[in-house]
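For the record, the sequence lines run as chains P and E.
The opening residue of the first sequence carries number 3 in the working numbering; numbering runs sequentially from there.
The opening residue of the second sequence carries number 3 in the working numbering; numbering runs sequentially from there.
Ideal placement from N, C-alpha and C gives every residue a C-beta, glycine not left out.
Just so it is clear, the structure is predicted and the values come from calculations on it, not from any experiment.
Each remark here refers to the structure printed beneath this line.
Number of protein chains: 2
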Amino acid sequence: MQTSPVLAHIDADLPNAISRLQDLLRIRSISTDPAFKAECLHAAEWLARDLGSFGITASVRPTPGHPMVVGHVAGPKGAPHVLFYGHYDVQPVDPLDLWQSDPFDPAITEGPHGPTIQARGASDDKGQLMTFVEATRAWQAVHGALPCSITFLFEGEEESSSPSLVPFLQDNAAELQADLALICDTGLFQSKTPAIMTMLRGMMPEELTIHGPSRDLHSGMYGGVAMNPIRVLSKILGNMHDDQGRITIPHFYDGVPDLPAQIAADWQALNFDTATFLGDVGLSQPAGEADRTALEMIWSRPTAEINGIWGGYTGAGFKTVLPAQAHAKVSFRLVGQQDPEAIRAHFRAWVQAQLPKDCRAEFHLKGGASGSLMATDHPIFAHTRDALGEEWGEPAAFVGCGGSIPIAGHFKEILGMDALLTGFARDDDNIHSPNEKYDIECFHKGIRSWARLLGKLAQAQA
Amino acid sequence: MQTSPVLAHIDADLPNAISRLQDLLRIRSISTDPAFKAECLHAAEWLARDLGSFGITASVRPTPGHPMVVGHVAGPKGAPHVLFYGHYDVQPVDPLDLWQSDPFDPAITEGPHGPTIQARGASDDKGQLMTFVEATRAWQAVHGALPCSITFLFEGEEESSSPSLVPFLQDNAAELQADLALICDTGLFQSKTPAIMTMLRGMMPEELTIHGPSRDLHSGMYGGVAMNPIRVLSKILGNMHDDQGRITIPHFYDGVPDLPAQIAADWQALNFDTATFLGDVGLSQPAGEADRTALEMIWSRPTAEINGIWGGYTGAGFKTVLPAQAHAKVSFRLVGQQDPEAIRAHFRAWVQAQLPKDCRAEFHLKGGASGSLMATDHPIFAHTRDALGEEWGEPAAFVGCGGSIPIAGHFKEILGMDALLTGFARDDDNIHSPNEKYDIECFHKGIRSWARLLGKLAQAQA
């Protein structure tokens with residue numbers, strides 16, 4: 003089974019592949035907001051139907067939350083078996099008024115890197131997910147077969163902490179067994195160099211409410227004498243970092259490893275352009291620990307970030323209210339041996355210890371995942387490095403990843419399976435922000451990259 | 003002109019007076035939200051029409067914001083001339099789901115002090131304003147005349163910092179001239195003792211936005227390396243009070259006087275029940291400067307309060323965003339010689355000094371008013387003290403007021419006119435909060451109190 007006719011087929015079929023992606027992007031599958039539950043189901047059904055259309059046995063599998071899609075296709079006897087994972091759910095779209103076009107009406111526009119598809123989920127993760135689907139579709143179309151066995155697993159809760167994922171993996175461990183997982187939810191290094199992830203940060207989300215007076219108060223009557231929960235919340239969260247950018251929660255750094263010298267040297271060799279990376283988003287100074295490089299801050303250091311804060315009167319004009327509550331959403335990116343549940347306990351204890359007598363704290367979220375290290379000595383890492391290098395014209399880099407893709411850890415813990423993460427997103431894709439986009443070049447070369455990897459697997463057996 | 007038939011008329015007419023107040027409360031005159039502009043005009047027209055119905059020459063007077071209502075009626079030659087001030091605008095009603103009934107469908111319910119009218123504005127200030135209107139209506143009905151000349155001035159922007167008030171007073175200074183202003187926008191002391199204000203705190207509002215990155219960022223890609231404006235805002239606002247409850251902004255306490263020993267002794271004699279005052283709203287500890295009494299914190303000490311805060315993702319679920327901006331609404335209650343513009347400059351400089359290099363602050367609000375001291379030696383203070391004592395069965399207290407009623411300062415500065423503030427609200431009226439109410443007892447005895455004061459003015463001339 004040759005790769006070159008598959009690549010030719012991919013090139014010729016690109017307009018249809020784009021059209022299919024646009025169909026998927028029109029589905030408003032925002033997992034975090036219950037109002038979009040039916041749309042999430044719709045996206046799952048669309049994917050199962052699409053896999054079925056080129057010979058994959060696929061089904062929508064209910065969970066207590068949004069459904070999974072599972073598909074199977076058998077390769078030659080003795081061929082390797084890979085599981086491909088992606089997620090069909092997307093982030094919320096607010097603030098809507100900052101979008102240049104309807105986030106669910108995918109438009110092809112001219113971007114900084116040529117034609118691009120602009121829509122919520124274009125890059126994270128529908129576009130990336132479809133690169134692999136399109137590659138397998140092309141192999142099926144050209145050869146009527148695939149060079150390896152493939153299990154497809156698409157989830158719909160990745161943007162809302164994946165509450166159903168672990169039980170689903172546990173309940174379906176036998177069915178989902180494979181040699182290695184392929185995950186396409188990451189990006190090119192510096193928007194141009196293909197990259198394979200060697201470490202991933204974990205994530206632990208928290209939502210907290212500070213309760214003060216039993217009802218909203220008028221600051222004319224109570225101002226100065228009644229404890230204001232916004233003041234308490236600001237004081238606590240304002241203490242979370244010291245002047246050197248270090249997180250002050252006791253025991254927070256327990257289990258955070260030093261960066262091995264070899265990795266530090268590799269990263270140094272990447273010549274990461276911190277000034278441009280920050281300058282692209284209007285910044286000039288790394289905000290993390292003063293004694294770390296920017297790449298360390300993103301890839302190998304833990305974080306504590308306030309993702310949302312609200313309380314009191316936030317509408318037009320002014321209201322001299324002392325609110326009964328104040329709220330924040332906080333998240334922690336975790337590395338090394340940091341344990342999400344331990345971090346949660348340390349954070350909560352640290353908040354409690356700072357509360358004045360008349361306030362109490364309530365915590366709302368569960369879940370979280372540790373960081374992970376990849377099994378870079380698995381042979382498929384070399385195949386992928388070769389396939390990516392051939393497609394993109396430069397060697398693939400082994401990099402870290404600041405994002406949290408807890409699925410890699412779950413595959414290891416529950417299925418005993420290592421994972422390989424690569425992807426084709428660009429830093430300016432605006433994921434999780436208004437005007438998310440995925441460049442047609444990334445989509446096209448992404449499909450070709452996976453097709454080449456499948457070709458390497460075919461060669462390896464020949 | 004005798005007072006007793008007027009009081010009898012008030013008693014007999016109470017059901018009609020309640021019905022008129024309900025009509026006024028049905029008008030959604032929220033001044034701070036532009037969506038309710040027509041309703042504010044509607045309230046002004048209702049009041050002018052009502053004054054006209056019992057012989058007051060009244061008109062709606064446009065301003066660049068919401069209109070004023072001005073009415074005039076002449077008393078006997080040589081009689082004193084008072085100006086009565088109230089405001090017909092009301093606070094926003096959110097959070098709406100905490101209201102037990104529609105805030106603009108005034109219901110008579112049984113409250114902790116007997117029958118009460120529940121609606122937004124019932125206490126602040128429509129109900130209080132109507133106590134004086136009803137007293138003058140009764141005098142007109144019984145005697146066909148009033149014992150003094152009266153100018154009525156109702157504004158519609160009190161809850162939104164009164165932007166049109168000063169220009170209107172300046173432009174109409176001659177027409178609005180009177181011997182003294184009467185203002186009914188305050189409450190009973192400890193919900194039972196009639197009270198006359200001897201000092202008022204001023205107020206200076208600020209809204210600030212901290213700008214960081216040029217767009218919202220994903221914390222997976224930028225977390226740890228990009229400065230998060232919510233972190234910056236929390237740190238700055240969290241520094242605004244020290245551990246002793248003292249405000250840390252440099253020069254903030256410039257011009258704050260020591261409390262005179264006589265006033266301190268008077269207040270001590272009031273036997274203010276701090277435990278009950280705080281306990282009623284679920285609190286137990288005064289939150290102000292550790293070395294001050296609760297009454298000082300409310301009446302004679304300045305404050306810095308965060309009235310609203312918002313930024314990042316605040317909806318259902320979770321979103322690992324680093325937002326481009328974070329916002330807060332802050333207000334300062336001012337006393338003594340504290341100058342609002344100086345405090346604004348000190349606050350802004352203090353914020354700027356704490357900004358990291360990659361953030362900038364934007365400030366949005368103007369306006370503000372100093373605190374004021376009342377001219378308690380004016381003879382009308384003694385008349386009012388007598389009238390209130392007779393109606394309520396216990397001597398009226400001379401008290402401070404934590405709220406800001408900048409109009410008193412403006413009357414002094416622009417019209418050279420002192421003001422007397424008394425009112426009949428109770429501490430549990432929930433002003434600015436859900437389920438605002440005004441007790442029928444307060445409304446009824448409030449009307450009778452003003453009728454008695456008019457009687458004292460008649461006697462003084464006889």
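8 Å Cβ cutoff met for residue i and residue j
| i | j | result |
| --- | --- | --- |
| Leu456(P) | Pro17(P) | no |
| Phe470(P) | Pro304(P) | This structure cannot settle anything about residue 470(P), because the visible part of chain P is limited to 3 through 464. |
| Gly314(P) | Ile185(P) | no |
| Ala328(P) | Ile311(E) | yes |
| Gly214(P) | Ala326(P) | yes |
| Leu202(E) | Ala410(E) | yes |
| Arg346(E) | Glu392(E) | no |
Partners in chain E for residue i, counting only beta-carbon separations shorter than 8 Å
| i | result |
| --- | --- |
| Asn230(P) | Ala289, Glu307 and Ile308 |
| Thr424(P) | Per Cβ cutoff of 8 Å: no residues; Thr424(P) is ~16 Å from chain E at best. |
| Arg335(P) | Ser221, Gly222, Gly225 and Gly226 |
| Thr34(P) | Gly317, Ala318, Gly319, Phe320 and Lys321 |
Identified DSSP bridge partners for residue i
| i | result |
| --- | --- |
| Glu157(P) | His89(P) |
| Cys361(E) | Per DSSP, none; premise fails for Cys361(E). |
| Ile311(E) | Gly313(P) and Ala330(E) |
| Ser151(E) | His83(E) |
| Ser374(P) | Leu202(P) |
Partner residues on chain P for residue i, Cβ-Cβ distance less than 8 Å
| i | result |
| --- | --- |
| Met299(E) | Gly226 and Val227 |
| Val283(E) | Pro215, Ser216, Arg217, Leu219, Tyr224 and Ala228 |
DSSP-derived helix/strand/coil call for residue i
| i | result |
| --- | --- |
| Leu178(P) | coil |
| Ser516(P) | Residue 516(P) is absent from the model: chain P starts at 3 and stops at 464. |
| Met199(P) | strand |
| Gln120(E) | strand |
| His272(E) | Inspection of the sequence shows that residue 272(E) is occupied by Leu rather than by His. DSSP places Leu272(E) in coil when its eight states are reduced to three. |
| Leu346(E) | The identity of residue 346(E) in the sequence shown is Arg, whereas the question assumes Leu. Residue state, collapsed to three classes: helix. |
| Arg63(E) | strand |
| Ala228(E) | coil |
| Gly2(P) | Because chain P is modelled from 3 through 464, residue 2(P) falls outside the range shown and cannot be assessed. |
| Gly391(E) | helix |
| Glu291(E) | coil |
| His253(P) | coil |
| Glu208(P) | strand |
| Phe191(P) | strand |
| Cys186(P) | coil |
Rounded separation between residue i and residue j - CA only
| i | j | result |
| --- | --- | --- |
| Gly338(P) | Phe134(P) | 30 Å |
| Ala510(E) | Gly418(E) | Here chain E covers residues 3 to 464 and nothing more, so residue 510(E) does not appear. |
| His468(E) | Glu307(E) | Nothing can be reported for residue 468(E): it is not among the residues displayed for chain E, which extend from 3 to 464. |
| Trp452(P) | Ala355(E) | 52 Å |
| Arg428(P) | Glu343(P) | 32 Å |
| Phe320(E) | Arg63(E) | 50 Å |
| Pro259(E) | Gln340(E) | 9 Å |
| Asp99(E) | Glu160(P) | 32 Å |
| Val353(E) | Ala363(E) | 8 Å |
| Ile152(E) | Asn309(E) | 37 Å |
| Arg248(P) | Gln270(P) | 22 Å |
| Lys331(P) | Gly240(P) | 14 Å |
| Ala263(E) | Ile382(E) | 25 Å |
| Leu390(P) | Pro196(P) | 6 Å |
| Ala205(E) | Ser216(P) | It should be noted that the sequence gives Met, not Ala, for residue 205(E). So the two alpha carbons sit approximately 25 Å from each other. |
Interface residues of chain E facing residue i [CB-CB closer than 7 Å]
| i | result |
| --- | --- |
| Trp2(P) | Lying before the first or after the last residue shown, residue 2(P) is absent from chain P, which here runs from 3 to 464. |
| Arg303(P) | Gly226 |
| Gln354(P) | None at all; the shortest Cβ gap to chain E is about 17 Å. |
Under 9 Å by beta carbon: chain E residues contacting residue i
| i | result |
| --- | --- |
| Ala328(P) | Ile308 and Ile311 |
| Ile433(P) | His220, Gly222 and Met223 |
| Ser374(P) | Residues of chain E passing the Cβ test: none, with the nearest at roughly 14 Å. |
Closer than 7 Å: residue i CB and nearest the ligand PLP heavy atom
| i | result |
| --- | --- |
| Phe154(P) | With respect to the ligand PLP, the structure offers nothing, as it holds no ligand at all. |
Chain P residues whose Cβ lies nearer than 7 Å to that of residue i
| i | result |
| --- | --- |
| Val168(E) | Within 7 Å Cβ-Cβ: nothing; Val168(E) doesn't reach chain P, min ~17 Å. |
| Ala296(E) | Val227 |
| Asn241(E) | Gly240 |
| Ser162(E) | Gly319 and Phe320 |
Neighbouring residues, chain A, relative to residue i (Cβ below 9 Å)
| i | result |
| --- | --- |
| Leu190(P) | Of the protein chains in this structure, namely P and E, none is chain A. |
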